[in-house]
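*Asks:* Position one of the sequence shown corresponds to residue 0 (numbering that gives the first Met the number 0), numbered consecutively onward. Beta carbons: idealized from backbone N, C-alpha and C, even for Gly. These numbers were taken from a predicted model, which means no experiment stands behind them.
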Amino acid sequence: MQKKVPMRKCVVTQEMMPKKELIRVVRSKEGEISVDTTGKKSGRGAYLSKNTNCVLQAQNKKILDKQLEAKVPDTIYEELIHIIEREKLFNGRQ
0 MQKKVPMRKC VVTQEMMPKK ELIRVVRSKE GEISVDTTGK KSGRGAYLSK
50 NTNCVLQAQN KKILDKQLEA KVPDTIYEEL IHIIEREKLF NGRQ
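(1) Can you have a look at residue 4 and say buried or exposed, based on whether 16 or more other CB atoms are within 10 angstroms of its CB?
(2) In terms of alpha-carbon separation, which member of 69, 48, 79 and 78 lies closest to residue 19?
(3) Looking at the strands, I want to know which residues DSSP matches up with residue 21.
(4) Among 54, 89 and 6, which has the Cα closest to the Cα of residue 74?
(5) Rounded to the nearest angstrom, how far is the Cβ of residue 83 from that of residue 11, given a contact under 8 Å?
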């Protein structure tokens with residue numbers, strides 16, 4: 000029997016994708032915003048496609064601010080881009 004693949008929607012593209020192909024940004028109960036690479040942190044989460052243009056669009060249109068109901072610092076966007084670029088490099092070597 001095949002395992003069900005969890006699907007999530009990118010807040011920028013509105014496209015449903017497997018959870019593993021997205022990056023989660025989470026706001027904790029304390030209001031702290033962080034990148035959730037495990038997908039298991041508790042709090043309000045928003046998913047983004049692993050695409051630099053998607054991250055930049057989210058930053059320009061303040062999409063994550065609206066989704067998480069909090070001001071998302073620029074360092075979060077920088078961290079997202081860094082994770083995406085690092086993953087591209089790693090996947091390119093295989």
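*Replies:* If we stick to the structure as given:
(1) exposed
(2) 48
(3) 48
(4) 54
(5) With 8 Å as the limit, residue 83 and residue 11 do not qualify as a contact, their Cβ atoms being about 13 Å apart.
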